[in-house]
């Protein structure tokens, strides 16, 4: 089995990816998406959203990173995929699941789930641009507002030459509301021959085992669960128990070290509050800490509180 860290726009950036993979357990990371519209993007855009390109496409702890692209025009997706490979990406992943209204209004992300033929053309163009020995993969949801075409979409992606497929087991309209419909992943897995990775509502080892049984997938991609339980990859694999709260506090301080030396230092107060909201789903102490941090606006104040508690 593999545990893969999901792409989460504005959340799982390079510092967060570095931190979570330093805890260990991940076999692969997918970067935040790079939005492709109607041009070949400059190299600086790739390095900004996938800083690991400067480190042989690996996080500081050595976990491989695959760059993700989002767009609907085959030619420009192919040209940008080729650039990603030239810059060192270990393959290319394609985003057909983003539910963000801004992206969907311009026919990107999950909007393409209404157009399997466009998905086919995009995947085919990218597959032809990516060297055969490197993976060209895709991530989808089960559909836009219904699940009736999920197998058709998956078959289009396979026919276009993709090497594997990740399925978030909800439609765009279902957003992130539970439950995740893992049974549809099983339908997809039975209909195609490329590897399928399950995604959605895996917050614990028990969730993973249920997902594995229903979806018939051994490989899993985790996103919000990884933020809520920082060592969830190890927990899923059965190699560690859930982190203690004191260990989480130490990790919050470590995260602070990652963030305050980056160009995003000014966003640190907002980002630490954002992360605490996720952690609070699994640790009651985080909810109490969030109440204290919520009123603080300056980085030194937050750091002082974290150090005091730890």
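Residue numbers (the numbering used here): 5 to 314.
Ideal Cβ positions, reconstructed from N, Cα and C, are used throughout, including at glycine.
As the structure is a prediction and not an experimental result, all values here were calculated from the model.
Residue i burial status per 10 Å Cβ neighbour count (16 or more: buried)
{"i": "residue 233", "result": "buried"}
{"i": "residue 183", "result": "exposed"}
{"i": "residue 237", "result": "buried"}
{"i": "residue 20", "result": "buried"}
{"i": "residue 302", "result": "exposed"}
{"i": "residue 58", "result": "exposed"}
For residue i, the first and last residue of its enclosing beta strand (DSSP E)
{"i": "residue 97", "result": "96-100"}
{"i": "residue 72", "result": "69-74"}
{"i": "residue 201", "result": "200-203"}
{"i": "residue 39", "result": "32-39"}
{"i": "residue 187", "result": "No beta strand (DSSP E) contains residue 187, which is instead part of the alpha helix (DSSP H) from 186-195."}
{"i": "residue 168", "result": "168-172"}
Contact set for residue i: own chain, Cβ-Cβ below 8 Å, skip 5 residues either direction
{"i": "residue 46", "result": "none"}
{"i": "residue 179", "result": "103"}
6 Å CB neighbourhood of residue i in its chain, flanking five on each side removed
{"i": "residue 235", "result": "27, 244, 247"}
{"i": "residue 227", "result": "10, 12"}
{"i": "residue 177", "result": "149"}
Range of the contiguous alpha helix (DSSP H) that encloses residue i
{"i": "residue 136", "result": "Segment: none, residue 136 is in no alpha helix (DSSP H) and carries neither H nor E."}
{"i": "residue 25", "result": "18-27"}
{"i": "residue 53", "result": "47-53"}
{"i": "residue 306", "result": "303-313"}
{"i": "residue 219", "result": "209-219"}
{"i": "residue 231", "result": "228-232"}
{"i": "residue 63", "result": "Here residue 63 belongs to no alpha helix (DSSP H), and DSSP marks it neither H nor E."}
{"i": "residue 295", "result": "288-297"}
{"i": "residue 155", "result": "154-163"}
{"i": "residue 7", "result": "Unbroken run through residue 7 is the beta strand (DSSP E), 7-9; no alpha helix (DSSP H)."}
{"i": "residue 78", "result": "78-90"}
{"i": "residue 12", "result": "Where residue 12 is concerned, there is no enclosing alpha helix (DSSP H), given that its DSSP letter is neither H nor E."}
Euclidean distance between Cα positions of residue i and residue j
{"i": "residue 23", "j": "residue 229", "result": "15 Å"}
{"i": "residue 133", "j": "residue 170", "result": "21 Å"}
{"i": "residue 306", "j": "residue 273", "result": "7 Å"}
{"i": "residue 166", "j": "residue 197", "result": "11 Å"}
{"i": "residue 188", "j": "residue 120", "result": "17 Å"}
{"i": "residue 164", "j": "residue 139", "result": "13 Å"}
{"i": "residue 402", "j": "residue 44", "result": "The question about residue 402 has no answer here: the residues shown for the chain are numbered 5 through 314."}
{"i": "residue 295", "j": "residue 83", "result": "47 Å"}
{"i": "residue 270", "j": "residue 162", "result": "43 Å"}
{"i": "residue 141", "j": "residue 309", "result": "43 Å"}
{"i": "residue 128", "j": "residue 70", "result": "18 Å"}
{"i": "residue 17", "j": "residue 168", "result": "23 Å"}
{"i": "residue 213", "j": "residue 201", "result": "14 Å"}
{"i": "residue 146", "j": "residue 293", "result": "37 Å"}
{"i": "residue 194", "j": "residue 109", "result": "32 Å"}
Cβ shell of residue i (< 7 Å), same chain only, five flanking positions each side left out
{"i": "residue 287", "result": "249, 252"}
{"i": "residue 150", "result": "175"}
{"i": "residue 37", "result": "11, 13, 72, 73, 74, 99, 102"}
{"i": "residue 157", "result": "117, 120, 123, 144"}
{"i": "residue 130", "result": "81, 82, 85, 96, 98, 140"}
Problem - Uninterrupted alpha helix (DSSP H) stretches inside the region 234-274 (no shorter than 4 residues) - result: Listed in chain order, the alpha helix (DSSP H) runs fully inside the region 234-274 are 236-241, 249-264, counting runs of at least 4 residues.
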